[in-house]
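Peer 1:
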Amino acid sequence: MSVRELVVLGTASQVPTRHRNHNGYFLRWDGEGILFDPGEGTQRQMLRAGVAAHDLNRICVTHFHGDHSLGLAGVIQRINLDQVPHEVTAHFPRSGQHFYERLRHATAYRETVPLTEAPVDTDGDLAVTASYTLQARRLSHPVESYGYRLVEPDGRRMLPERLAAHGITGPDVGRIQREGSLGGIRLDQVSEVRRGQRFAFVMDTRLCDGVHALAEGCDLLVIESTFLDADERLAVEHGHLTAGQAARVARDGGVRHLVLTHFSQRYSEPGDVDAFEQQARAAGFEGELTVAHDLQRVPLPKRR
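Numbering (our numbering), first residue to last: 1 to 304.
1) Cβ atoms of TYR100 and LEU81: under 9 Å apart, would you say?
2) Quick one: residues in its chain with C-beta nearer than 7 Å to the C-beta of ASP123, no 5 flanking neighbours on either side, listed in chain order?
3) Thinking C-beta only, is VAL7 closer than 9 Å to GLN296?
4) Taking just the CA atoms, how far does VAL113 sit from ALA73?
5) Just tell me which of LEU115, ARG102, HIS68 has its CA closest to the CA of PRO85.
6) DSSP state of ILE168, grouped into three classes?
7) If we count Cβ pairs, one from each stretch, closer than 8 Å, do we get three or more for the segment 269 to 276 versus the segment 213 to 224?
8) Along the beta strand (DSSP E) that carries TYR321, what are the first and last residues, could you check?
9) What three-state label does DSSP hand ASP125 in the structure shown?
10) Spatial neighbours of THR133 within its chain, please: CB distance less than 6 Å, with the 5 preceding and 5 following residues excluded, ordered by chain position.
11) For ILE307, I'd like the list of residues in its chain whose CB is within less than 7 Å of its CB, leaving aside the five on either flank, ordered along the chain.
12) Among ARG281, PHE276, GLN278, VAL259, which has the Cα closest to the Cα of PRO290?
13) For ALA247, I'd like the list of residues in its chain whose CB is within less than 6 Å of its CB, leaving aside the five on either flank, ordered along the chain.
14) Would you kindly check if the distance between the Cβ of LEU228 and the Cβ of ALA243 is under 9 Å?
15) Whose CA, out of SER95, GLY50, THR107, ARG94, lies closest to the CA of GLY71?
16) Pop quiz: VAL120 and ARG162 are said to be a contact at Cβ under 8 Å. What is the actual Cβ separation, rounded to whole angstroms?
17) Would you list the residues sitting across from PRO93 in a DSSP beta bridge?
18) Could you tell me which residues DSSP pairs with GLU224 in its beta bridges?
19) Rounded C-beta distance between GLU224 and HIS240? I'm assuming under 8 Å.
20) DSSP three-state label for ALA85, please.
21) When the distance is taken between beta carbons, is GLN45 closer than 9 Å to ALA10?
22) Span of the beta strand (DSSP E) holding ARG200?
23) Keeping to the same chain, check which residues put their C-beta closer than 6 Å to that of GLU59; ignore five residues upstream and five downstream.
24) Among GLY50, GLN43, LEU47, GLN83, which has the Cα closest to the Cα of SER69?
25) What residues in its chain sit with their C-beta under 7 Å from that of GLY210, if we drop five residues either side in the sequence?
26) Going by DSSP, what residue range makes up the beta strand (DSSP E) through LEU289?
27) In terms of residue numbering, what span does the beta strand (DSSP E) encompassing LEU27 cover?
28) Report all residues from its chain with a CB closer than 8 Å to the CB of ARG94; omit the five preceding and five following residues, and keep chain order.
29) Cβ atoms of PRO301 and LEU220: under 9 Å apart, would you say?
30) Please say whether PRO38 and GLY24 have beta carbons closer to each other than 9 Å?
Written as structure tokens, this is what we have:
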């Protein structure tokens with residue numbers, strides 16, 4: 001059975017706190033695993049969450065601020081220590097190639113796994129697989145930053161009543177799916193479009209076209225909300241979003257499940273979590289809402 005879920009490894013911005021590790025997010029998508037923005041301590045958080053180096057197929061770094069990338073060194077060395085047998089591809093802003101190289105070779109270790117490097121320097125498709133297309137869009141932050149998006153190809157849902165009406169049964173169902181027609185009956189006469197699922201990962205950024213493009217039509221959107229709305233001036237100054245801004249992006253994009261994360265250390269009181277939820281709801285977002293905490297698991301919504 002295929003599994004699609006987000007495993008939250010860390011939720012703190014800039015510095016870790018007693019209750020929040022640096023950023024880190026693992027997306028399990030059927031038989032593949034994608035690690036986003038491994039901040040400091042990610043390797044240990046993976047252990048606590050039951051995520052192994054062998055689960056990783058891709059690493060996607062949005063930008064090279066420390067809270068989003070300092071864990072790369074440990075994760076890469078663990079991939080080599082465990083001798084992961086399959087290809088692992090790293091995506092990161094091309095302008096940060098020198099930071100990637102420094103982190104990859106931060107200390108001495110035995111390289112047993114050749115990582116495939118696929119730097120990002122423009123909007124568009126990064127990789128196309130049978131189960132998803134990985135896309136990137138430029139964001140607005142003091143250093144070059146990209147958000148990522150997975151789009152599953154649309155499929156077809158067979159309609160039993162229409163199949164029965166045309167007398168199509170047994171092996172002929174598979175045949176019409178493969179060939180597109182059978183005995184003059186077209187596939188679209190006995191099926192309907194099954195929309196592919198969409199996931200987006202949006203970290204440090206001001207509001208910009210890239211944010212909205214990534215969020216559009218997502219089943220699950222993971223998005224930074226570093227500040228509460230009262231600190232919007234700070235958000236704009238430092239290249240971040242508030243809870244209300246993130247929620248309006250999700251509302252306007254038709255997002256089904258919104259995950260807020262990347263919280264400033266200034267919000268350390270228990271009631272602050274409630275404030276993020278309240279401001280997101282006040283902004284008009286009516287879908288499923290999660291204010292993330294470390295080691296939380298968030299499944300992708302079931303298909304409509």
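Where a beta carbon is used, it is the ideal one built from N, C-alpha and C, also for glycine. As the structure is a computational prediction, the values presented were derived from the model and not from experiment.
Peer 2: This is what the structure gives:
1) By one-based count along the sequence shown, residue 81 stands at place 81. By one-based count along the sequence shown, residue 100 stands at place 100. Contact annotation: LEU81 and TYR100 have beta-carbon atoms that are not nearer than 9 Å.
2) As a working note, residue 123 is residue 123 in the sequence shown. Answer for ASP123: ALA136, ARG137, ARG138, listed in chain order.
3) In the sequence shown, the residue the question calls residue 296 occupies position 296. In the sequence shown, the residue the question calls residue 7 occupies position 7. Against a cut-off of 9 Å, the Cβ pair of VAL7 and GLN296 comes out as a contact.
4) Counting from 1 along the sequence shown, the entry for residue 73 is found at position 73. Counting from 1 along the sequence shown, the entry for residue 113 is found at position 113. Cα-Cα distance, rounded: 14 Å.
5) For this step, residue 85 is matched to residue 85 along the sequence shown. Comparing Cα-Cα distances from PRO85 to each of LEU115, ARG102, HIS68, the minimum goes to LEU115.
6) By 1-based counting over the sequence shown, the position of residue 168 is 168. In this structure, ILE168 counts as coil in the three-state DSSP scheme.
7) no
8) A query on residue 321 cannot be resolved here, the shown segment of the chain reaching from 1 to 304 and no further.
9) Taking the sequence shown and counting its residues from 1, one reaches residue 125 at position 125. Strand.
10) As a working mapping, residue 133 is identified with position 133 in the sequence shown. Around THR133: ASP125, VAL151.
11) Because the chain is modelled from 1 through 304, residue 307 falls outside the range shown and cannot be assessed.
12) For this step, residue 290 is matched to residue 290 along the sequence shown. The sequence shown places Thr at residue 290, rather than the Pro named in the question. Among ARG281, PHE276, GLN278, VAL259, the Cα nearest to that of THR290 belongs to VAL259.
13) The sequence position of residue 247 within the sequence shown is 247, counting from 1. Closer than 6 Å at the Cβ level, and outside the excluded window around ALA247, lie ALA280, ALA283, PHE285.
14) Along the sequence shown, one-based indexing puts residue 243 at 243. Along the sequence shown, one-based indexing puts residue 228 at 228. Cβ atoms of ALA243 and LEU228: closer than 9 Å.
15) Looking up residue 71 in the sequence shown gives position 71. Among SER95, GLY50, THR107, ARG94, the Cα nearest to that of GLY71 belongs to THR107.
16) One-based indexing of the sequence shown puts residue 120 at position 120. One-based indexing of the sequence shown puts residue 162 at position 162. In fact, because the Cβ distance is near 43 Å, the residues do not count as touching under 8 Å.
17) Here the question's residue 93 lines up with position 93 in the sequence shown. In DSSP, PRO93 forms a bridge with VAL120.
18) Taking the sequence shown and counting its residues from 1, one reaches residue 224 at position 224. Beta-bridge pairing links GLU224 to THR261.
19) Looking up residue 224 in the sequence shown gives position 224. Looking up residue 240 in the sequence shown gives position 240. Going by Cβ atoms, the distance from GLU224 to HIS240 rounds to 6 Å, so yes, they are a contact pair.
20) Numbered from its first residue, the sequence shown carries residue 85 at position 85. Before going further, note that residue 85 is Pro rather than Ala in the sequence given. Assignment of PRO85 by DSSP, reduced to helix, strand and coil, places it in the coil class.
21) Taking the first residue of the sequence shown as 1, we reach residue 10 at position 10. Taking the first residue of the sequence shown as 1, we reach residue 45 at position 45. A small correction: the amino acid at residue 10 is Gly; Ala does not occupy that position in the sequence shown. Yes.
22) Residue numbering aside, residue 200 sits at position 200 when the sequence shown is read from its first letter. Arg is not the amino acid found at residue 200; the sequence shown has Ala there. ALA200 -> beta strand (DSSP E) spans 198 to 202.
23) By 1-based counting over the sequence shown, the position of residue 59 is 59. For the sequence presented, residue 59 should be read as Ile rather than Glu. Closer than 6 Å at the Cβ level, and outside the excluded window around ILE59, lie LEU35, ALA90.
24) The residue labelled residue 69 in the question sits at position 69 within the sequence shown. Nearest C-alpha to SER69: GLN43.
25) Mapped onto the sequence shown, residue 210 falls at position 210. Taken in chain order, the residues that qualify are ARG137, ARG138, LEU139, GLY147.
26) Taking the sequence shown and counting its residues from 1, the one referred to as residue 289 is at position 289. Segment 288 to 291, the beta strand (DSSP E) holding LEU289.
27) Here residue 27 is taken as the residue at index 27 of the sequence shown, counted from 1. Run containing LEU27: 24 to 29, per the beta strand (DSSP E) assignment.
28) Mapped onto the sequence shown, residue 94 falls at position 94. Once the five neighbours on either side are set aside, the close Cβ partners of ARG94 are PRO119, VAL120, ASP121.
29) Translated into positions along the sequence shown, residue 220 becomes position 220. Translated into positions along the sequence shown, residue 301 becomes position 301. A contact, by the Cβ cut-off of 9 Å.
30) Mapped onto the sequence shown, residue 24 falls at position 24. Mapped onto the sequence shown, residue 38 falls at position 38. Cβ atoms of GLY24 and PRO38: closer than 9 Å.
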